[in-house]
Amino acid sequence: LRTKPGPTPVASLSALARLLSSLAVLEQRDGKLNHGSLGAVTAAKKLGGSITGFVAGGNIKAVAEEAAKVNGIEKIIAVDNAAYDKGLPENFAPLLVENIKKGGFTHIIAGHTAFGKSLMPRVAALLDVQQISDITAIEDEKTFVRPIYAGNAIATVESSDNIKTITIRGTAFAAAEADGGSASIEDGVDPKAECNTEWVSENLAKSDRPDLATAGKVVSGGRGLKSKEEFDRIMLPLADALGAAVGASRAAVDSGYADNSLQVGQTGKVVAPQLYLCAGISGAIQHLAGMKDSKVIAAINKDADAPIFQVADVGLVGDLFDKVPELTEKLNKQ
Ligand code: FAD
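Residue numbers (full-length UniProt numbering): 17 to 350.
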């Protein structure tokens, strides 16, 4: 008995790639595409296959046109309805599901943002598939890598579901280039699902400094700062001298030294800037979970045995009340 030779591995891989079709869920705010959400397109590129972008909201045309220019996207599905402006997961999930069913997508990818985190598990439940959250790498079309136990273990998970609903860690997938593409734009289906949740209002923290989640440089302060006044007096001039965003440990936030939105760590923001410079932070595992992927970690602490020095590329043992102003002064003189 002779069997026909099978396809070569390369041929079968590209045949598979042709069958994959990803839907990247793109975020918008006030009629502007959120470029942070373009990491979903990068993840879809890693998978291979066709890439469609999804946007929804009132007067969505401008956002859809902006998204159509994103490198790698072949088609944009846009739903024009102001009911989706604020990204309420209660009506956005059924909207997305209807469009997934119509488009026959194999992978649905969103950022692991506040929006993606509350939307995608609902989508997975409605599709009766397993949600795959906060991935940092893609091994193949069904195998994904995700940190667990606050980053202390790395799990490789495999899904046999026919549709994979995935959120990606923003620091692991850089945003796709915002230009170079010329996708077609198509109207999506709008189920106009009833929504028992009403958007009432929001209070956004306003800051002239760079956004903590996406900043290239972050300076972060901990309990060692001792008070809000000292946190502001010591850390803010350093941030300004470096053009950096400000972060804080949970101890500093809980003690009222810094705003909740500045918390870095397991229960705060996950950041991976080029430079993470921290002072008066011991380096608890829950803090490291939010910053240990930073390119260069610099730490100032008076305790030479502080665990932060185990992950720091550059360490300075000393009193932050002397060292930080000294550093700020030197930076300002440059
Ligand atoms: P400390 O641990 O008290 O450290 C202060 C440091 O400042 C010390 O190392 C000390 O040597 C140094 N210091 C003091 N004075 C000076 C000085 N004059 N000059 C130089 N150095 C000085 N923490 C987070 O940060 N983010 C999270 O998201 C987070 N999530 C958590 C989730 C859970 C479920 C739990 C249980 C904990 C979480 N924590 C989180 C808390 C975490 O365990 C630590 O308690 C916290 O990170 C400690 O903050 P800290 O380093 O500022 O304070």
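We put the beta carbon where it would ideally sit given N, CA and C, even for glycine.
Please classify Thr183: does DSSP put it in a helix, a strand, or coil? Within the sequence shown, numbered from 1, the residue matching residue 183 stands at position 167. Correct three-state label for Thr183: strand.
Got a sec? Which residues, its chain only, sit under 6 Å from Asp195 by beta carbon, not counting five neighbours each side? Counted from its first residue, the sequence shown places residue 195 at position 179. For Asp195, where only same-chain residues beyond five positions count, the Cβ hits under 6 Å are Lys85.
Beta carbon of Ser37 nearer than 9 Å to that of Thr122: Start at 1 with the first residue of the sequence shown, and residue 37 comes out as number 21. Start at 1 with the first residue of the sequence shown, and residue 122 comes out as number 106. Yes, Cβ-Cβ distance for Ser37 and Thr122 is below 9 Å.
Which same chain residues end up closer than 6 Å to Ser28 when comparing Cβ atoms and leaving out the 5 residues on each side of it in sequence? Here residue 28 is taken as the residue at index 12 of the sequence shown, counted from 1. Note that Ser28 scores 47 on pLDDT, short of 50, meaning its location in the model is unreliable and no value can be drawn from it.
For the putative contact between Leu220 and Ala261, defined by C-beta atoms under 8 Å, what is the C-beta separation to the nearest angstrom? One-based indexing of the sequence shown puts residue 220 at position 204. One-based indexing of the sequence shown puts residue 261 at position 245. About 15 Å; that fails the 8 Å criterion.
Whose C-alpha, out of Gly119, Phe108, Lys180, Gly296, is nearest the C-alpha of Glu210? For the purposes of this step, residue 210 is identified with residue 194 of the sequence shown, where counting begins at 1. For the residues Gly119, Phe108, Lys180, Gly296, the minimum Cα distance to Glu210 belongs to Phe108.
Tell me whether Arg239, by its Cβ, gets closer than 8 Å to a heavy atom of the ligand FAD. As a working note, residue 239 is residue 223 in the sequence shown. Yes; taking the cut-off as 8 Å, the Cβ of Arg239 has a heavy atom of the ligand FAD nearer than that.
Alpha carbon to alpha carbon, what distance is there between Ala255 and Asp270? Residue mapping note: residue 270 aligns to position 254 of the sequence shown, counting from 1. Residue mapping note: residue 255 aligns to position 239 of the sequence shown, counting from 1. Cα-Cα distance, rounded: 21 Å.
Bridge-paired residues (DSSP) for His123: Sequence index remark: in the sequence shown, residue 123 carries index 107 (1-based). According to DSSP, His123 bridges with Ser38, Lys180.
Once DSSP output is grouped into helix, strand and coil, what is the label at Ser134? Against the sequence shown, residue 134 aligns to sequence position 118. Looking at Ser134 - three-state DSSP - the assignment turns out to be helix.
Would you report the Cα separation of Asp248 and Thr187, rounded to the nearest angstrom? In the sequence shown, residue 248 corresponds to position 232, counting from 1. In the sequence shown, residue 187 corresponds to position 171, counting from 1. Asp248 and Thr187: Cα-Cα distance of roughly 27 Å.
Within 10 Å of its beta-carbon, does Gly238 have 16 or more other beta-carbons around it, so buried, or fewer, so exposed? Working through the sequence shown from its first residue, we reach residue 238 at position 222. Result: buried.
Three-state class that DSSP yields for Thr58 in the structure shown: One-based indexing of the sequence shown puts residue 58 at position 42. Here Thr58 sits in helix by DSSP.
Would you report the Cα separation of Glu82 and Glu345, rounded to the nearest angstrom? Indexing the sequence shown from 1 puts residue 82 at position 66. Indexing the sequence shown from 1 puts residue 345 at position 329. Between Glu82 and Glu345, the C-alpha separation is close to 42 Å.
For Val234, write down the residues that DSSP places opposite it in a beta bridge. By 1-based counting over the sequence shown, the position of residue 234 is 218. The partner list for Val234 (beta bridge, DSSP) reads Ala261, Tyr292.
Arg266 to Ala191 span [Cα, whole Å]: Translated into positions along the sequence shown, residue 266 becomes position 250. Translated into positions along the sequence shown, residue 191 becomes position 175. The alpha-carbon atoms of Arg266 and Ala191 are separated by roughly 28 Å.
Out of Ile124, Thr58, Thr68, Asn50, point me to the one whose CA is closest to Lys102's CA. Indexing the sequence shown from 1 puts residue 102 at position 86. It is Asn50 whose Cα lies nearest to the Cα of Lys102.
Since Gly306 and Val286 should fall inside the 8 Å C-beta cutoff, what is the C-beta to C-beta distance between them, to a whole number of angstroms? Indexing the sequence shown from 1 puts residue 306 at position 290. Indexing the sequence shown from 1 puts residue 286 at position 270. Gly306 to Val286, Cβ: 5 Å. Contact.
Can you tell which of Glu43, Val145, Asn97 has its C-alpha closest to the C-alpha of Lys180? Along the sequence shown, one-based indexing puts residue 180 at 164. Cα-wise, what sits closest to Lys180 is Val145.
Answer with yes or no whether the minimum CB distance from Ala94 to chain B is below 9 Å. Note that chain B does not occur in the displayed structure, where there is just one protein chain.
As a quick exercise: from Glu157, Leu143, Val173, pick the residue whose alpha carbon is nearest that of Ser149. Locating residue 149 in the sequence shown gives position 133, where the first residue counts as 1. Per the Cα distances, Val173.
Three-state class that DSSP yields for Pro25 in the structure shown: Sequence index remark: in the sequence shown, residue 25 carries index 9 (1-based). Interpretation of Pro25 is limited by its pLDDT of 44, a score under 50 that renders its predicted location unreliable; the figure taken from the coordinates is listed afterwards. If DSSP states are grouped into helix, strand and coil, Pro25 belongs with the helices.
CB of Val161 within 9 Å of CB of Val139, strictly: Reading the sequence shown from its first residue, position 145 is the one you call residue 161. Reading the sequence shown from its first residue, position 123 is the one you call residue 139. No; because the gap between Cβ atoms is not below 9 Å, this pair is not in contact.
Separation of Phe131 from Lys48, as counted between CA atoms: Position 32 of the sequence shown, counting from 1, holds the residue named residue 48. Position 115 of the sequence shown, counting from 1, holds the residue named residue 131. Taking the Cα positions, Lys48 is about 16 Å away from Phe131.
Starting from Leu228, trace the alpha helix (DSSP H) both ways and give me its first and last residue. Position 212 of the sequence shown, counting from 1, holds the residue named residue 228. It is not in any alpha helix (DSSP H) - Leu228 carries neither H nor E in the DSSP assignment.
Alpha-carbon to alpha-carbon, Lys233 and Pro253: Your numbering for residue 253 matches position 237 in the sequence shown. Your numbering for residue 233 matches position 217 in the sequence shown. Cα to Cα, the separation comes out at about 14 Å.
Does any heavy atom of the ligand FAD sit closer than 8 Å to the C-beta of Phe160? Within the sequence shown, the letter at position 144 stands for residue 160. Not so, every heavy atom of the ligand FAD lies at least 8 Å from the Cβ.
Report yes if the C-beta of His128 is less than 8 Å from at least one heavy atom of the ligand FAD; otherwise report no. Position 112 of the sequence shown, counting from 1, holds the residue named residue 128. No - the ligand FAD has no heavy atom lying nearer than 8 Å to the Cβ of His128.
Where does Ala80 sit, in a helix, a strand or coil, going by DSSP? Along the sequence shown, read from residue 1 onward, the residue named residue 80 stands at position 64. Judged by DSSP in its simplified three-state form, Ala80 adopts helix.
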